[in-house]
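A.B. asks: Residue numbers (the working numbering), protein chains in the order written: chain Y, 1062 to 1542; chain F, 227 to 339. Cβ coordinates follow ideal geometry from the N, Cα and C atoms, glycine included. Structure provided below as structure tokens; questions to follow.
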Amino acid sequence: MKLESLTIDAARAAVQEGKITAVALAEAFYAKIENDDPQIGAYLTLSKDRALVKASEMDTLAAKGEKLPPLGGVPVGIKDVMVTRGIRTTAGSKMLGNYIPPYDCTAVARIEAAGAVVLGKLNCDEFAMGSSNENSAWKPVHNPRDLSRVPGGSSGGSAAAVAADMAVVTLGSDTGGSIRQPASFCGVVGLKPTYGRVSRYGLIAFASSLDHVGPFAKTVKDAAIVLKTIAGRDPMDSTSTDVPVPDYLAELEKPAAGLKIGVAQEYLGEGLHPEVRAAVANAVETLAKLGCEIVDVSLPHTEYAIPAYYIVATAEASSNLARFDGVRYGYRAGDAKTLSEMYRRTRDQGFGAEVKRRIMLGTYALSAGYYDAYYLKAQKVRTLLTRDFEAAFKRVDAIVTPTSPTAAFKLGDKADDPLAMYLADIYTVTANLAGVPGISVPCGETKQKLPIGLQILGKHFDEATILRVAAAYERAAAKLE
Amino acid sequence: MHMRVTEKDVAHVADLSNLELTSEERPRMLRDLNSILEYIDRLNELDTAKVELTAQASGRFGAPSAEGSGRLDDASRDDVLEGLRESLPQDQALANAPGSDGTFFRVPRVIER
Chain Y
1062 MKLESLTIDA ARAAVQEGKI TAVALAEAFY AKIENDDPQI GAYLTLSKDR ALVKASEMDT
1122 LAAKGEKLPP LGGVPVGIKD VMVTRGIRTT AGSKMLGNYI PPYDCTAVAR IEAAGAVVLG
1182 KLNCDEFAMG SSNENSAWKP VHNPRDLSRV PGGSSGGSAA AVAADMAVVT LGSDTGGSIR
1242 QPASFCGVVG LKPTYGRVSR YGLIAFASSL DHVGPFAKTV KDAAIVLKTI AGRDPMDSTS
1302 TDVPVPDYLA ELEKPAAGLK IGVAQEYLGE GLHPEVRAAV ANAVETLAKL GCEIVDVSLP
1362 HTEYAIPAYY IVATAEASSN LARFDGVRYG YRAGDAKTLS EMYRRTRDQG FGAEVKRRIM
1422 LGTYALSAGY YDAYYLKAQK VRTLLTRDFE AAFKRVDAIV TPTSPTAAFK LGDKADDPLA
1482 MYLADIYTVT ANLAGVPGIS VPCGETKQKL PIGLQILGKH FDEATILRVA AAYERAAAKL
1542 E
Chain F
227 MHMRVTEKDV AHVADLSNLE LTSEERPRML RDLNSILEYI DRLNELDTAK VELTAQASGR
287 FGAPSAEGSG RLDDASRDDV LEGLRESLPQ DQALANAPGS DGTFFRVPRV IER
């Protein structure tokens, strides 16, 4: 069975028809992981017992001739910021090095209920803070397309696992671009849904108003299948909404002709690598040839997105990470004689440098005397950014941009310059601040054969349109190869 | 409005954050915070006096019948025991405890002096 060509439908059909058992399929993926992952570093924990139980369950259904659920027998990986009952969950941090959650993340529970076989937990930047997966406390992840380079972050393991055929689809999280940017760097599809589309229950919180759960896949259709499975109101997350979940798969078949596609000048400025610019321009050409109307739009406050993001995200993180104190779970510093010493040393020893930097920045921004100047200000800028999108979406159905200003950089390149690393998120943070959905699809390669990603942004709760544009582009791009 | 972070600020914020920074960490933190905050200063180029804030994006898309945060259904529930879900049993709640006597979480002394 060729793991490289497996989509959700192909894997499920193979199990349904008895061509391969779900157990054998899971074992094939584990063999691939054993062989290839030492060079890549995508997985932190393997959940073989759990995987084989689910796989056997699917085999029993198939043997009886019963119809498998939508992800029946399909091997998946889960970013280690999502809790899995009984399976070590670390959030990429020493702070949770031995943490065994007593409950499942809703998104994980939903894909498992749909028959997915959870192979294991995927490496990520610590507490989802990073754009290169170099901030993992355990090990970095290497880009499968060029092992000397980063896979992107923070969901580096999730992107790499799909790119390296070590899972059919994976779940990741996106707070400032952490699904879309690694998807772009690794040459796979990555989707950040609308804020509130997918429950955050069980997602270890980084920034509660910016965090999103979403899928990685090799095809737009697979991303749509996973989205359909995980989307929808969850009483355990009061920010999840009950906006109805459309039939995304029906939308995918619709041609893109007639749709108005916006191109924003603010996303094509300084710092954009010429090869990325050219690839995105070609993609826009392809959409035009499909019958889309290309419209110039302006998102005038774009340049203020990164500063606003790094106030809001760090402020919320400083609050969310206050719970890690060595009392109830996780790491505890051994030498403390008082409670206060225990808190301070636990946190200084348990957290990595980037996490501490962000906690400090966030705490500063919220502290007495600075709250208005920083946090309140950033929240108002957030409104301006959201209004930019709303105004643009009165004129167009979707907006296309590069996902990232460059292709994957080398490991270690930006390690000493936090600000340079932050600026890599320039095209993705706006969608987190405004809550609009975004998908990254591969749109070519650099001369060094590094993947380039095209980002498609849509209106709130209009994943259907961005999936439709993405699928149409995917079909057209395949024909051009 | 140019804010400059001092060593005293770093100490104060570390205090608030419950972080005991080492002597190697403090100068690095001072440098990084200043560099990042200087970049963030550009937000002051925008006049936001009449702009309302956005705390989170999905509130507007909740139940149309209600107002404000009431639009997010189940933001509150009836005050009944196990109203939304069962509480975690004690043994599970203690299962990850770094220190426990089987009933309580055990920590170093609370009173310092």
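Could you check the C-alpha separation between L245(F) and A1317(Y) for me, to the nearest Å?
C.D. replies: As a position in the second sequence, residue 245(F) is number 19, starting the count at 1. As a position in the first sequence, residue 1317(Y) is number 256, starting the count at 1. Going by C-alpha positions, L245(F) is about 53 Å away from A1317(Y).
A.B. asks: Are the Cβ atoms of V239(F) and M1421(Y) separated by less than 7 Å?
C.D. replies: Mapped onto the second sequence, residue 239(F) falls at position 13. Mapped onto the first sequence, residue 1421(Y) falls at position 360. Cβ atoms of V239(F) and M1421(Y): closer than 7 Å.
A.B. asks: Helix, strand or coil for D1396(Y)? Go by DSSP, reduced to three states.
C.D. replies: The count along the first sequence starts at 1 and reaches residue 1396(Y) at position 335. Three-state DSSP puts D1396(Y) in coil, outside helix and strand.
A.B. asks: Beta-carbon separation of T1290(Y) and A1175(Y) under 7 Å?
C.D. replies: Along the first sequence, one-based indexing puts residue 1290(Y) at 229. Along the first sequence, one-based indexing puts residue 1175(Y) at 114. Cβ atoms of T1290(Y) and A1175(Y): closer than 7 Å.
A.B. asks: Between L1382(Y) and D1486(Y), what straight-line distance do the alpha-carbon atoms span, to the nearest angstrom?
C.D. replies: Against the first sequence, residue 1382(Y) aligns to sequence position 321. Against the first sequence, residue 1486(Y) aligns to sequence position 425. Taking the straight line from one Cα to the other gives about 22 Å.
A.B. asks: By the three-class DSSP mapping on this structure, what secondary structure does S249(F) have?
C.D. replies: Here residue 249(F) refers to the residue found at position 23 of the second sequence. S249(F): coil per DSSP, three-state reduction.
A.B. asks: How is R335(F) classed by DSSP in three states: helix, strand or coil?
C.D. replies: Looking up residue 335(F) in the second sequence gives position 109. Strand at R335(F).
A.B. asks: Return helix, strand or coil for E278(F), following the three-state DSSP convention.
C.D. replies: Counted from its first residue, the second sequence places residue 278(F) at position 52. It is coil, neither helix nor strand.
A.B. asks: If we define contact as Cβ-Cβ less than 7 Å, is D305(F) a contact residue for chain Y?
C.D. replies: Here residue 305(F) refers to the residue found at position 79 when the second sequence is read from its first residue. Cβ-Cβ to chain Y under 7 Å: no for D305(F).
A.B. asks: Check for me: the alpha helix (DSSP H) holding V1084(Y) runs from which residue to which?
C.D. replies: On the first sequence, residue 1084(Y) is found 23 positions in, with the first residue counted as 1. Run containing V1084(Y): A1083 to I1101, per the alpha helix (DSSP H) assignment.
A.B. asks: From the DSSP output, in three-state form, read off Q1516(Y) for me.
C.D. replies: The sequence position of residue 1516(Y) within the first sequence is 455, counting from 1. Here Q1516(Y) sits in strand by DSSP.
A.B. asks: With C-beta atoms as the reference, is P1463(Y) less than 7 Å away from Y1483(Y)?
C.D. replies: Along the first sequence, one-based indexing puts residue 1463(Y) at 402. Along the first sequence, one-based indexing puts residue 1483(Y) at 422. No; because the gap between Cβ atoms is not below 7 Å, this pair is not in contact.
A.B. asks: Against chain Y, does F331(F) count as a neighbour if the rule is that its beta carbon must be under 7 Å from one of theirs?
C.D. replies: Your numbering for residue 331(F) matches position 105 in the second sequence. For F331(F), at least one C-beta of chain Y is nearer than 7 Å to its own C-beta.
A.B. asks: Within 7 Å (strictly less), CB to CB, does T1068(Y) reach chain F?
C.D. replies: Within the first sequence, numbered from 1, the residue matching residue 1068(Y) stands at position 7. Cβ-Cβ to chain F under 7 Å: no for T1068(Y).
A.B. asks: Go through the stretch 1232–1306 of chain Y residue by residue and report every complete run of the beta strand (DSSP E) that reaches 3 residues or more, in order.
C.D. replies: 1250–1253 and 1274–1278
A.B. asks: Which residue comes first and which comes last in the alpha helix (DSSP H) that contains Y1425(Y)?
C.D. replies: Mapped onto the first sequence, residue 1425(Y) falls at position 364. That run of the alpha helix (DSSP H) goes A1414 to L1427.
A.B. asks: Specify, as a first and last residue, the run of the beta strand (DSSP E) that K234(F) falls within.
C.D. replies: Working through the second sequence from its first residue, we reach residue 234(F) at position 8. First-last for K234(F): E233 to L242, but that is the alpha helix (DSSP H), not the beta strand (DSSP E).
A.B. asks: Would you call the CB atoms of G1399(Y) and R252(F) closer than 7 Å?
C.D. replies: Counted from its first residue, the first sequence places residue 1399(Y) at position 338. Counted from its first residue, the second sequence places residue 252(F) at position 26. Looking at the sequence provided, one finds Thr at residue 1399(Y) rather than Gly. Result no, Cβ atoms of T1399(Y) and R252(F) do not sit closer than 7 Å.
A.B. asks: Between the Cα of V1274(Y) and those of G1496(Y), R1338(Y) and A1124(Y), spot the shortest distance and give me the residue it belongs to.
C.D. replies: As a first step, residue 1274(Y) must be located in the first sequence, where it is residue number 213. Ranking the options by Cα distance to V1274(Y), first place goes to G1496(Y).
A.B. asks: May I have the straight-line CA-CA distance separating R332(F) from G1387(Y), to the nearest angstrom?
C.D. replies: Locating residue 332(F) in the second sequence gives position 106, where the first residue counts as 1. Locating residue 1387(Y) in the first sequence gives position 326, where the first residue counts as 1. Near 10 Å, if we compare the C-alpha coordinates of G1387(Y) and R332(F).
A.B. asks: Helix, strand or coil for A1539(Y), going by three-state DSSP, please let me know.
C.D. replies: Counting from 1 along the first sequence, the entry for residue 1539(Y) is found at position 478. Correct three-state label for A1539(Y): helix.
A.B. asks: Sort out for me which residues DSSP pairs I1487(Y) with in a bridge.
C.D. replies: As a first step, residue 1487(Y) is located in the first sequence; it is residue number 426 there, counting from the start. Note: I1487(Y) sits in no beta bridge, so no partner.
A.B. asks: Would you mind giving the Cβ-Cβ distance between A1087(Y) and N1184(Y), rounded to the nearest angstrom? I have them listed as a contact below 8 Å.
C.D. replies: Position 26 of the first sequence holds residue 1087(Y). Position 123 of the first sequence holds residue 1184(Y). The Cβ separation is near 20 Å, so there is no contact.
A.B. asks: Using C-beta distances below 7 Å, list every residue in its chain close to P1254(Y), excluding the 5 sequence neighbours before and after it, in chain order.
C.D. replies: Reading the first sequence from its first residue, position 193 is the one you call residue 1254(Y). Within the same chain, and ignoring the five residues on either side of P1254(Y) in sequence, the residues whose Cβ sits closer than 7 Å to its Cβ are H1273, G1275, L1288, A1292, P1498 and E1524.
A.B. asks: Please tell me whether K234(F) has its Cβ less than 7 Å away from any Cβ of chain Y.
C.D. replies: Against the second sequence, residue 234(F) aligns to sequence position 8. No, K234(F) lies away from the interface with chain Y (no Cβ there is under 7 Å from its Cβ).
A.B. asks: Can you tell me the Cβ-Cβ gap for G1217(Y) and V1202(Y), rounded? I've got them flagged as a contact below 8 Å.
C.D. replies: Here residue 1217(Y) refers to the residue found at position 156 of the first sequence. Here residue 1202(Y) refers to the residue found at position 141 of the first sequence. Yes, G1217(Y) and V1202(Y) are in contact; Cβ-Cβ is about 4 Å, under 8 Å.
A.B. asks: Within the chosen definition, does the stretch 267–274 of chain F reach the stretch 1404–1421 of chain Y through at least 3 CB pairs nearer than 8 Å?
C.D. replies: no
A.B. asks: If you drop the 5 nearest sequence neighbours on each side, which residues of the same chain put their C-beta closer than 6 Å to that of G1298(Y)?
C.D. replies: For the purposes of this step, residue 1298(Y) is taken as the residue at position 237 of the first sequence. Checking the displayed sequence, the identity of residue 1298(Y) turns out to be Asp instead of Gly. Cβ within range, chain order: S1260, R1261 and Y1262.
A.B. asks: Measure from the alpha carbon of Q1516(Y) to the alpha carbon of each residue in P1243(Y), A1089(Y) and A1168(Y), then state which is nearest.
C.D. replies: Along the first sequence, one-based indexing puts residue 1516(Y) at 455. Taking only the C-alpha atoms, the option nearest Q1516(Y) is P1243(Y).
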